[in-house]
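Peer 1:
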Amino acid sequence: MTPESPPSSEAASPPEDEVLIRLCMDGSDRAFDQLYQRYRLPLFAYLHRILPERGDLTEDIFQQTWIRALRSLGRYHHREKFLAWLCRIAHNLAMDHFRSTRESQRSELPPSLASDAPSPDKELSRLELRRALEKAISRLPPEQQEVIRLREEGLPFKEIARRQCISINTALGRMRYAVLNLKKLLSHHL
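Residue numbers are given in this note's numbering: position 17 of the sequence shown equals residue -2, and the series is strictly consecutive.
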């Protein structure tokens, strides 16, 4: 090792997307593999949500998305998240598919692709917030978690109090403390 070269470390952090993309554009298969491994599951999950019960189509668009992304890397702007960019490509490919089949088969767009559906960026932000909320809820005391879960099911506080064998005021108090604790835990998301 020369004095100018940095020490190699097994525990080095993974390269940033921008570095991997630049390497991909230079023809590095290894960089593409790293990007693929990093984003394949979130992209597939996104496609599965917008194309429910359409496994073959989901697989096709998943593959087309990666092909199109690889061809279009030069147009990627590093100020946006790479996953959001991939999801936008996938969304556009799905829309193109339904436009072409609608003309020939008169099929309807699935509700998840309808014009009033959230954009891929907003959908990802919503999912990230939901994951953060679930993680924060799991960090609450068990009695607060239970009140939150029962409210998510739509139960009124009177029924929650009955199920937990507590007074309605205690149920309301637990919810109040749960909300306060969640605000603290999620302050960086808000």
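We treat Cβ as the ideally placed atom computed from N, Cα and C, and that holds for glycine.
Hey, out of ARG69, PRO137, GLN126, whose CA is closest to ALA50's CA?
Peer 2: Within the sequence shown, the letter at position 69 stands for residue 50. If we check each option's Cα against that of ALA50, ARG69 comes out closest.
Peer 1: Have a look at GLN44 and LEU24 and give me their C-alpha separation to the nearest angstrom.
Peer 2: For the purposes of this step, residue 44 is identified with residue 63 of the sequence shown, where counting begins at 1. For the purposes of this step, residue 24 is identified with residue 43 of the sequence shown, where counting begins at 1. Cα to Cα, GLN44 sits roughly 10 angstroms from LEU24.
Peer 1: Are the CB atoms of CYS5 and LEU54 within a distance shorter than 7 angstroms?
Peer 2: Here residue 54 refers to the residue found at position 73 when the sequence shown is read from its first residue. Here residue 5 refers to the residue found at position 24 when the sequence shown is read from its first residue. It is a contact, given that the beta carbons lie within the stated cut-off.
Peer 1: Can you tell me which of the three DSSP states LYS62 falls into?
Peer 2: Residue numbering aside, residue 62 sits at position 81 when the sequence shown is read from its first letter. Reduced to three states, the DSSP call for LYS62 is coil.
Peer 1: Is the beta carbon of ALA159 closer than 7 angstroms to that of LEU121?
Peer 2: Here residue 121 refers to the residue found at position 140 when the sequence shown is read from its first residue. Here residue 159 refers to the residue found at position 178 when the sequence shown is read from its first residue. Against a cut-off of 7 angstroms, the Cβ pair of ALA159 and LEU121 comes out as a contact.
Peer 1: Are the CB atoms of ALA71 and LEU28 within a distance shorter than 7 angstroms?
Peer 2: Taking the sequence shown and counting its residues from 1, the one referred to as residue 28 is at position 47. Taking the sequence shown and counting its residues from 1, the one referred to as residue 71 is at position 90. Cβ atoms of LEU28 and ALA71: closer than 7 angstroms.
Peer 1: Roughly how many angstroms separate the alpha carbons of ASP10 and LEU1, rounded to a whole number?
Peer 2: For this step, residue 10 is matched to residue 29 along the sequence shown. For this step, residue 1 is matched to residue 20 along the sequence shown. Answer to the nearest angstrom: the Cα atoms are 10 angstroms apart.
Peer 1: Do you know how far the Cα of ALA26 is from the Cα of LEU74?
Peer 2: Taking the first residue of the sequence shown as 1, we reach residue 74 at position 93. Taking the first residue of the sequence shown as 1, we reach residue 26 at position 45. The alpha-carbon atoms of LEU74 and ALA26 are separated by roughly 16 angstroms.
Peer 1: Measuring only the C-alpha atoms, how far is ARG60 from ARG155?
Peer 2: Counting from one through the sequence shown, the residue named residue 60 turns up at place 79. Counting from one through the sequence shown, the residue named residue 155 turns up at place 174. Cα to Cα, ARG60 sits roughly 42 angstroms from ARG155.
Peer 1: Quick one: residues in its chain with C-beta nearer than 8 angstroms to the C-beta of GLN126, no 5 flanking neighbours on either side, listed in chain order?
Peer 2: To locate residue 126, count along the sequence shown from 1; it is residue 145. Cβ within range, chain order: ILE118, SER119, ALA159.
Peer 1: Return the chain-ordered ranges of every beta strand (DSSP E) run that is complete within the stretch 129 to 155 and spans a minimum of 3 residues.
Peer 2: With a minimum length of 3 residues, no continuous beta strand (DSSP E) run stays inside the stretch 129 to 155.
Peer 1: Taking a contact to mean a Cβ-Cβ separation below 7 angstroms, would you say PHE63 touches ASP(-2) in this structure?
Peer 2: Taking the first residue of the sequence shown as 1, we reach residue 63 at position 82. Taking the first residue of the sequence shown as 1, we reach residue -2 at position 17. In this structure, ASP(-2) lies closer than 7 angstroms to PHE63 by Cβ.
Peer 1: Could you give the DSSP three-state label for SER172: helix, strand or coil?
Peer 2: Beyond the ends of the chain as shown, which are -18 and 171, falls residue 172; an answer cannot be given.
Peer 1: Alpha carbon to alpha carbon, how far is PHE138 from ASN150? Give it in angstroms, no decimals.
Peer 2: For the purposes of this step, residue 150 is identified with residue 169 of the sequence shown, where counting begins at 1. For the purposes of this step, residue 138 is identified with residue 157 of the sequence shown, where counting begins at 1. If I take the Cα positions, the gap works out to 9 angstroms.
Peer 1: Restricting to Cα atoms, I'd like to know which of SER148, LEU153, ARG112 is closest to ARG132.
Peer 2: If you number the sequence shown from 1, residue 132 lands on position 151. Of the candidates SER148, LEU153, ARG112, the one whose C-alpha sits nearest the C-alpha of ARG132 is LEU153.
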